[in-house]
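Trainee: Residue numbers -21 to -1, 1 to 264, in mature numbering (1 follows the signal peptide of the UniProt record, and there is no 0), belong to the letters of the sequence shown in order.
Built from N, CA and C at the ideal position, the CB exists for glycine as well.
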Amino acid sequence: MGIITPIWFLAWLALSPSAQAAVINVGTQFDNFSEDFNLAPSRVIRNVDATRALLAENGTTLHIVFPKPAGNVNLSAVKHIAAGGHFDGGMKLYDRSPSTCKQQKEGGDKDAIFLLENGATLSNILIGPNNGEGVHCLGTCTLRNVWWMDVCEDAATFKQKSGVSTVTGGGARKASDKVFQHNGGGTLKIHNFYAQDIGKLYRSCGNCKQQSKRSVDIENVVVHKGKVGVGINGNLGDHAMIKNSCFKGSDICWLFKGVTSGEPSRTAKAPDGKVCQTQAMKESC
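#1: In the structure shown, what three-state DSSP assignment does residue 150 receive?
#2: So, for residue 129: in the same chain, excluding its five sequence neighbours on each side, which residues have a beta-carbon less than 8 Å away from its beta-carbon?
#3: What is the residue span of the beta strand (DSSP E) that residue 42 lies within?
#4: Can you tell me whether residue 101 is helix, strand or coil according to DSSP?
#5: Taking residue 105 and residue 72 to be in contact with their CB atoms under 8 Å, please state how far apart those CB atoms are, rounded to whole angstroms.
#6: So for residue 74, helix, strand or coil by DSSP?
#7: Can residue 197 and residue 173 be called in contact, C-beta distance under 9 Å?
#8: How is the beta strand (DSSP E) around residue 265 delimited, first residue to last?
#9: To the nearest angstrom, how far is it from the Cα of residue 261 to the Cα of residue 46?
#10: What distance in whole Å lies between the Cβ atoms of residue 254 and residue 230, which are believed to be in contact at a cut-off of 8 Å?
#11: My guess is that residue 222 and residue 259 are in contact by the Cβ rule of under 8 Å, so how many angstroms apart are they, rounded?
#12: Report the partner residues of residue 244 according to the DSSP bridge assignment.
#13: What residue range is occupied by the uninterrupted beta strand (DSSP E) comprising residue 121?
#14: In whole angstroms, what is the alpha-carbon distance linking residue 207 and residue 90?
#15: Residues in its own chain within less than 7 Å of residue 43 by CB, not counting five upstream and five downstream?
#16: I'd like to know if residue 60 contacts chain C, where contact means its C-beta is closer than 9 Å to some C-beta of that chain.
#17: Hey, would you say residue 257 sits closer than 9 Å to residue 250, going by beta carbons?
#18: Let's see if you can read the secondary structure: which residues bound the beta strand (DSSP E) around residue 224?
#19: Going straight from the alpha carbon of residue 205 to that of residue 70, what length do you get?
#20: Counting only the same chain and skipping the five closest in sequence on each side, list residues whose C-beta sits under 6 Å from that of residue 115.
#21: Where does residue 214 fall in DSSP's three states?
#22: Do the CB positions of residue 145 and residue 117 come within less than 9 Å of each other?
#23: So is residue 236 buried or exposed if we call it buried at 16+ other beta carbons inside 10 Å?
#24: Where does residue 89 fall in DSSP's three states?
#25: Which whole-angstrom value describes the C-beta separation of residue 211 and residue 183, a residue pair presumed to lie in contact below a C-beta threshold of 8 Å?
#26: Would you list the one or two residues that DSSP bridges to residue 66?
#27: My assumption, with CB atoms under 8 Å, is that residue 241 sits in contact with residue 162. Please give the rounded CB distance.
#28: For residue 51, does the count of other Cβ atoms within 10 angstroms reach 16, so buried, or fall short, so exposed?
#29: Could you tell me the boundaries of the beta strand (DSSP E) in which residue 174 lies?
#30: Shortest alpha-carbon distance to residue 78 belongs to which of 111, 125 and 248?
The following block contains the structure:
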């Protein structure tokens, strides 16, 4: 009788200790290694599916297929997530009703669908087209496995004064201008993310009244049919590092001269190796 190789075991080894424990809780059993190496095919399939689902929820893998909602929830006002809090959307689609989307007319916090206080986390959720401002992070935040089905003005805006915010997993599409707008300071990390039919993936604010030095760290990201991946202000000390990513049909970086009034001017349309750096970029995806 042939031995069935436990593919899920290799994926399990790559996880953090906490994620490994979660995999065990959803049905992957490691009680007896000698027994596990002779699993029935149906059990192997079940455990592989469970592992894949967990990887997606943790934002540790890149997915290029937009998920189907598990249900629909309409909110009449922006939903607050308290400092340090965590809201798991259960893969339901959340939207505003009545709509607050005014296309590219910039709104405020009241037009968003979620407002995250410092240290808050939003995970496993789909966001619909009828909210004008998407997600607003007032301090550092974590967005994990969040999917924007049709972006209105911006998918998310980051207002932290300093520190690190993280977008891991998930995706966004149909953003005629920007996906992620960085108005505060500090760093934004974008990992394992998919974007389709967009203007810019990331923009460091070009004309905020109070400007800051900002950085963006992009890794394992795919952009299909975008105009540009990153827009940053070289004169303000911004920095972008883009690794192991594919921006198909779009420029990688645009450099700007940031201002505090009026409109910023573009100074370059390609990585310069200093302000915008790349590593192991992929040509096909």
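Mentor: The short version:
#1: Taking the sequence shown and counting its residues from 1, one reaches residue 150 at position 171. Reduced to three states, the DSSP call for residue 150 is strand.
#2: For the purposes of this step, residue 129 is taken as the residue at position 150 of the sequence shown. Excluding sequence neighbours, residue 129 sits near 107, 108, 152 and 153.
#3: For the purposes of this step, residue 42 is taken as the residue at position 63 of the sequence shown. Where residue 42 is concerned, there is no enclosing beta strand (DSSP E), given that its DSSP letter is neither H nor E.
#4: Taking the first residue of the sequence shown as 1, we reach residue 101 at position 122. DSSP places residue 101 in strand when its eight states are reduced to three.
#5: Within the sequence shown, the letter at position 126 stands for residue 105. Within the sequence shown, the letter at position 93 stands for residue 72. Indeed, because the Cβ distance is near 4 Å, the residues count as touching under 8 Å.
#6: Walking along the sequence shown from the start, residue 74 turns up at place 95. Strand at residue 74.
#7: As a first step, residue 197 must be located in the sequence shown, where it is residue number 218. As a first step, residue 173 must be located in the sequence shown, where it is residue number 194. No, the pair does not count as a contact, with Cβ atoms beyond the cut-off.
#8: Beyond the ends of the chain as shown, which are -21 and 264, falls residue 265; an answer cannot be given.
#9: The residue you call residue 261 lines up with position 282 of the sequence shown. The residue you call residue 46 lines up with position 67 of the sequence shown. Those two C-alpha atoms are separated by around 25 Å.
#10: Residue mapping note: residue 230 aligns to position 251 of the sequence shown, counting from 1. Residue mapping note: residue 254 aligns to position 275 of the sequence shown, counting from 1. Contact flag wrong, Cβ pair sits at about 14 Å.
#11: Within the sequence shown, numbered from 1, the residue matching residue 222 stands at position 243. Within the sequence shown, numbered from 1, the residue matching residue 259 stands at position 280. Rounded, the Cβ-Cβ distance is 6 Å, consistent with contact.
#12: Mapped onto the sequence shown, residue 244 falls at position 265. DSSP output for residue 244 lists 236 as bridge partner(s).
#13: Here residue 121 refers to the residue found at position 142 when the sequence shown is read from its first residue. Counting along the chain, the beta strand (DSSP E) containing residue 121 begins and ends at 120 to 127.
#14: Start at 1 with the first residue of the sequence shown, and residue 207 comes out as number 228. Start at 1 with the first residue of the sequence shown, and residue 90 comes out as number 111. Approximately 26 Å, taken between the alpha carbons.
#15: Sequence index remark: in the sequence shown, residue 43 carries index 64 (1-based). 173 and 201.
#16: Although the question refers to chain C, the structure presented lacks it and comprises just one protein chain.
#17: Locating residue 257 in the sequence shown gives position 278, where the first residue counts as 1. Locating residue 250 in the sequence shown gives position 271, where the first residue counts as 1. Yes.
#18: The residue labelled residue 224 in the question sits at position 245 within the sequence shown. That residue, residue 224, is in no beta strand (DSSP E); it is neither H nor E in DSSP.
#19: Taking the first residue of the sequence shown as 1, we reach residue 205 at position 226. Taking the first residue of the sequence shown as 1, we reach residue 70 at position 91. Computed Cα separation, rounded: 26 Å.
#20: Taking the sequence shown and counting its residues from 1, the one referred to as residue 115 is at position 136. Same-chain partners within the cutoff: 88, 91, 94 and 136.
#21: Within the sequence shown, residue 214 is the residue found at index 235, counting from 1. Of the three classes helix, strand and coil, the one that applies to residue 214 here is helix, per DSSP.
#22: Within the sequence shown, numbered from 1, the residue matching residue 145 stands at position 166. Within the sequence shown, numbered from 1, the residue matching residue 117 stands at position 138. No, Cβ-Cβ distance for residue 145 and residue 117 is not below 9 Å.
#23: On the sequence shown, residue 236 is found 257 positions in, with the first residue counted as 1. It counts as exposed.
#24: On the sequence shown, position 110 is the one that residue 89 refers to. Residue state, collapsed to three classes: helix.
#25: The residue labelled residue 211 in the question sits at position 232 within the sequence shown. The residue labelled residue 183 in the question sits at position 204 within the sequence shown. Right, the Cβ-Cβ distance comes to about 5 Å (below 8 Å), so this counts as a contact.
#26: Walking along the sequence shown from the start, residue 66 turns up at place 87. Paired residue(s): 101.
#27: Here residue 241 refers to the residue found at position 262 when the sequence shown is read from its first residue. Here residue 162 refers to the residue found at position 183 when the sequence shown is read from its first residue. At roughly 17 Å, the Cβ-Cβ gap does not stay under 8 Å, so residue 241 and residue 162 are not in contact.
#28: Taking the first residue of the sequence shown as position 1, residue 51 is located at position 72. Exposed, because fewer than 16 other Cβ atoms sit within 10 Å of the Cβ of residue 51.
#29: In the sequence shown, residue 174 corresponds to position 195, counting from 1. Counting along the chain, the beta strand (DSSP E) containing residue 174 begins and ends at 173 to 183.
#30: Here the question's residue 78 lines up with position 99 in the sequence shown. Comparing Cα-Cα distances from residue 78 to each of 111, 125 and 248, the minimum goes to 111.
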